[in-house]
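J.: The structure is given below, and queries will be raised subsequently.
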Ligand SMILES: C[S@@+](CC[C@H](N)C(=O)[O-])C[C@H]1O[C@@H](n2cnc3c(N)ncnc32)[C@H](O)[C@@H]1O
């Protein structure tokens, strides 16, 4: 990584994702949660992307970048702090080109990369390591959006279940507790049938603190909704399978508009 784009904040997800980059993409195939709850909720919040210029922040291996391009986005740029995740995304692009561009960046320090109608970030804001980092992430995202453009993101629900093992049936482990305040470090892990993907460090942010960062960065019309299971997910696995999740959704989806 060049000096210019070295992370400003002490972000241990760079090392953590380096070690799981090759396993990460398999979570989409192995965990029905990712398709039937996360993806369905994110796509529903995004709506039609035909002709939109999209910036995918914390793009990881580029799963959503590819999906949005295939759904009609005119341009997609993906950025991620992990060189290994970006390498994996670039490898997929080289094997099956969709015209996507991937760059290694910390979203909290990235420059204006273009003119975008939509910024998407699936699992981003809980990687803000400090309040200052969170504020800068929101500001950098706003700087990349046209006026009236939207930011849609999926983040760990601040009111997700604290009970250990609660999300185990869905292949996720959340190590949350009752003493968390803004900035508290905690972790989550994917637990697939192929084993535990080592826990990833995240940070707790309340809705109030997230909204403060978004409003200060110039976002309006801030809307939250819990991630919900799609009709297809219910058909495939039954209502009972999803009941625990419906009672305490793992993630929430944010949609906000740049003033
Ligand atoms: C759970 S993965 C999600 C990847 C992708 N959005 C997806 O849903 O498949 C979280 C990603 O956030 C990236 N990340 C964490 N902090 C970041 C930051 N400050 N700037 C850019 N990327 C970051 C990690 O490297 C990792 O690839």
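In my numbering, the protein residues as written are 1157 to 1415.
Virtual Cβ for every residue (Gly too), placed ideally from N, Cα, C.
#1: For the 8 Å Cβ check, are there 3 or more pairs between the region 1244-1251 and the region 1270-1287?
#2: Where do the N-terminal and C-terminal ends of the beta strand (DSSP E) with residue 1231 fall, by residue?
#3: Determine the direct distance from the alpha carbon of residue 1273 to that of residue 1293, and round the result to whole angstroms.
#4: Which ranges does the alpha helix (DSSP H) cover as unbroken runs of at least 4 residues, wholly within the region 1346-1373, from first to last along the chain?
#5: Evaluate the contact criterion for the region 1257-1277 versus the region 1306-1319: three or more CB pairs, one atom per stretch, below 8 Å.
#6: How long is the line joining the alpha carbons of residue 1260 and residue 1216, rounded to whole angstroms?
#7: Looking at the structure shown, is residue 1341 part of a helix, part of a strand, or coil, going by DSSP?
#8: So residue 1256 packs on residue 1232, CB below 8 Å; how close in whole Å?
#9: If you follow the alpha helix (DSSP H) that residue 1406 is in, where does it begin and where does it stop?
#10: Out of 1391, 1413, 1243, 1362, which has the shortest C-alpha to C-alpha gap to residue 1286?
#11: Quick check on residue 1319: does DSSP put it in helix, strand or coil?
#12: Between which two residues does the beta strand (DSSP E) carrying residue 1303 extend?
#13: Looking at C-beta atoms only, is the number of pairs between the region 1370-1379 and the region 1173-1183 that lie closer than 8 Å three or more?
T.: On the basis of the coordinates in this document:
#1: no
#2: 1231-1236
#3: 17 Å
#4: 1363-1372
#5: yes
#6: 10 Å
#7: strand
#8: 5 Å
#9: Residue 1406 -> no alpha helix (DSSP H), and no H or E assigned at all.
#10: 1362
#11: coil
#12: 1301-1312
#13: no
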